[in-house]
Amino acid sequence: MTNSELKKYNRSQVYQIIYEHRTIAKSSITSELHLSFPTISQLITELEENGLVTKNGFFESTGGRKPIVFSCISDARIALGIELIKEHFQITAIDLYGEILYEEVYHIPFENKESFFQQFGKIVGQFIISHNIPAEKILGIGIALQGLVSFDKTAITYGAILKNNDLTIDRFKKYLDYPIMLIHDSEAAATDTLWNFSNIKDALFLSLSRNIGGALIINRQIHWGAFYPSGLFEHMTLIPNGAACYCGKKGCLEAYCSVKNLLEGLSPTLDLFFAHLREGEQLHQIRWNQFLLNLSIAIDNLQMALNCDVILGGHLAPYLNQEDLNTLILLVTKDSAFNQGRPAIHLSKKSCIARGAALYQIRQFIDSV
Ligand SMILES: [Zn+2]
């Protein structure tokens with residue numbers, strides 16, 4: 038390692054310690070990194086000059102001078118995440134701690150046409166201007182969409198829902214001059230959930246939205262399979278020769294436990310479905326019971342294979358109450374001989390796919406300072 042590489046490495050270490058602690062004194066950084074006081078002082082000065090770290094008052098004195106509080110400037114950089122689904126898209130701007138600064142939903146349906154990408158670029162540009170986000174602060178834009186994405190996050194490899202098999206980042210870059218990455222929506226949802234569940238190590242994440250997605254989390258990393266990323270749990274066969282799935286098979290989990298399937302022919306929105314369900318409408322009750330039963334079969338099978346916690350997220354999760362969760366757990370464990378020490382089922386009620394898409398840029402930045 039050359040001297041300048043070593044200096045960059047140490048500077049990065051100092052930044053990451055301040056970032057993790059949020060507020061820290063110079064002496065604590067010195068003792069964590071085992072570097073000299075003058076070296077730490079020099080590295081902090083450089084981070085201050087780069088606009089990444091600031092002095093933030095004083096800690097209480099433990100004898101002698103009060104130590105200066107150092108902290109990261111949370112909005113020194115900003116990342117944009119966009120959830121792009123068939124009916125609308127949502128833009129979310131977050132700071133370096135993942136806090137949502139601005140958020141807007143645009144009810145413009147996705148179309149795989151030039152005019153859509155042009156309008157999309159214009160709206161994102163207006164979002165940036167209207168919130169006075171300086172262009173130089175923007176790390177990039179993560180676009181979460183329904184479709185499996187290549188390993189380098191530049192192209193869709195399978196996009197039957199949005200009919201976007203030919204989609205690459207170039208279509209967006211033509212109208213948006215920022216680093217852009219495409220992210221499978223369930224992977225973005227899992228990333229967001231991981232940010233919220235700091236104590237989860239291994240888990241299976243199921244995103245229950247208009248369509249289902251999933252991601253296997255191992256050691257707080259999203260597992261990348263042989264080709265298709267983060268698992269295709271939604272296309273496991275739940276009912277042999279059952280209902281048709283958009284993938285071409287019959288009886289997939291997707292055909293029974295997606296929000297689309299839950300609402301079909303009964304309610305146009307989740308708000309209305311659950312309003313009727315909680316009022317005791319019989320048809321809604323029957324549909325919901327069947328939905329929970331189907332979901333319980335999938336969860337039991339997945340836990341038998343993976344033996345890990347399950348986190349339920351996506352647009353449906355905020356509507357589930359404790360009674361629903363208890364019913365689901367009862368169905369999962371019913372008649373099973375393997376309930377002792379069975380991993381838990383959690384609800385992730387606050388998952389924000391757009392934020393999950395933006396977190397990739399934040400992670401990259403924090404690791405690269
Ligand atoms: Zn399928």
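Counting in my numbering, the sequence shown runs from 38 upward without gaps. Where a beta carbon is used, it is the ideal one built from N, C-alpha and C, also for glycine. What you are looking at is a predicted structure, and each value in this text was computed from that prediction instead of being measured.
>> Please state the DSSP three-state secondary structure of Gln377.
In response: Residue state, collapsed to three classes: coil.
> Is the closest heavy atom of ligand 1 to the C-beta of Glu360 under 8 Å?
Replying inline: Look at Glu360: its beta carbon is at least 8 Å from all of the heavy atoms in ligand 1.
> What are the partner residues of Leu253, as DSSP defines its beta bridges?
Replying inline: In DSSP, Leu253 forms a bridge with Leu241.
> When you compare only the Cα positions, how much space is there between Asn93 and Ile66?
Replying inline: Each residue's Cα considered, the two are about 15 Å apart.
> Which first and last residues belong to the beta strand (DSSP E) in which Gly118 is found?
Replying inline: Per DSSP, Gly118 belongs to the beta strand (DSSP E) from Ile115 to Leu121.
> Does DSSP put Leu213 in a helix, in a strand, or in coil?
Replying inline: Leu213: coil per DSSP, three-state reduction.
>> Less than 9 Å between the C-beta atoms of Gly393 and Thr230, yes or no?
In response: Closer than 9 Å, so yes.
>> Quick check on this structure: which residue in His352, Gly184 and Lys103 has the alpha carbon closest to the alpha carbon of Asp308?
In response: Asp308 has its Cα closest to that of His352, out of His352, Gly184 and Lys103.
>> Quick check on the DSSP output: the alpha helix (DSSP H) that includes Asn363 runs from which residue to which?
In response: Note, Asn363: alpha helix (DSSP H), Gln359 to Thr370.
>> Strictly closer than 6 Å from CB to any heavy atom of ligand 1: give me those residues in the order they appear in the chain.
In response: This selection yields His272, Cys282, Cys284, Lys286, Cys289 and Glu291.
>> Closest to Gln155 by C-alpha separation, out of Lys286, Thr60, Tyr212 and Ile217, would be which residue?
In response: Checking every option, the nearest Cα to that of Gln155 belongs to Tyr212.
> Just to confirm, are Gln183 and Gly250 a CB contact at a threshold of 9 Å?
Replying inline: Contact: yes.
> By a C-beta neighbour count over all protein chains shown, 10 Å radius and 16 as the cutoff for buried, is Ser74 buried or exposed?
Replying inline: Looking at the sequence itself, residue 74 is Phe, so the reference to Ser does not match. Counting Cβ neighbours within 10 Å, Phe74 comes out exposed, since fewer than 16 surround it.
> What separation, rounded to the nearest whole angstrom, lies between the Cα atoms of Ala240 and Leu343?
Replying inline: A straight line joining the alpha-carbon of Ala240 with that of Leu343 spans about 9 Å.
>> Could you check whether Leu299 and Arg315 sit closer than 9 Å to each other, using their CB atoms as the reference points?
In response: No, they are not a contact pair.
> Between which two residues does the alpha helix (DSSP H) carrying Gln340 extend?
Replying inline: In this chain, the alpha helix (DSSP H) harbouring Gln340 covers Gln319 to Leu343.
> Can you tell me whether DSSP reads His221 as helix, strand or coil?
Replying inline: When DSSP states are grouped into helix, strand and coil, His221 belongs to the strand group.
> Between the C-alpha atoms of Ile115 and Ile170, what's the straight-line distance to the nearest angstrom?
Replying inline: So the alpha carbons of these two residues sit roughly 8 Å apart.
> For Glu85, which of helix, strand or coil comes out of DSSP?
Replying inline: Here DSSP, grouped into helix, strand and coil, assigns Glu85 to helix.
>> What would DSSP say about Asn201, mapped onto helix, strand or coil?
In response: The three-state secondary structure of Asn201, taken from DSSP, is coil.
> Terminal residues of the continuous alpha helix (DSSP H) containing Cys423?
Replying inline: Outside the shown range of the chain (38 to 406) lies residue 423, about which nothing can therefore be said.
> Gly158: which of Lys210, Ser246, Lys45 and Lys387 sits nearest, CA to CA?
Replying inline: With distances taken between Cα atoms, Gly158 lies closest to Lys210.
>> My assumption, with CB atoms under 8 Å, is that Trp261 sits in contact with Leu396. Please give the rounded CB distance.
In response: Here Trp261 is actually not in contact with Leu396; their C-beta atoms are around 17 Å apart, not less than 8 Å.
> Helix or strand or just coil, what does DSSP make of Thr274?
Replying inline: In the structure shown, Thr274 sits in a strand (DSSP, three-state: E or B).
>> Taking the alpha-carbon of Cys294 as reference, which of Leu349, Leu121 and Gln258 has the nearest alpha-carbon?
In response: Per the Cα distances, Leu349.
>> Please list the terminal residues of the continuous alpha helix (DSSP H) segment that includes Gln163.
In response: Segment Glu151 to Ser167, the alpha helix (DSSP H) holding Gln163.
> According to DSSP, is His313 helix, strand or coil?
Replying inline: In this structure, His313 counts as helix in the three-state DSSP scheme.
> Can you name the start and end residues of the beta strand (DSSP E) that Glu124 belongs to?
Replying inline: Where Glu124 is concerned, there is no enclosing beta strand (DSSP E), given that its DSSP letter is neither H nor E.
> What does DSSP give as the partner residues of Lys287 in its beta bridges?
Replying inline: Residue pairing by DSSP places Lys287 opposite Ala281 in a beta bridge.
>> Considering just the uninterrupted stretch of the alpha helix (DSSP H) at Ile137, what are its terminal residues?
In response: Ile137 -> not in any alpha helix (DSSP H); beta strand (DSSP E) instead, spanning Ile137 to Tyr143.
> What residues in its chain sit with their C-beta under 8 Å from that of Ser78, if we drop five residues either side in the sequence?
Replying inline: Lys63.
> Opposite Phe95 in the DSSP bridges: which residues?
Replying inline: In DSSP, Phe95 forms a bridge with Ile105.
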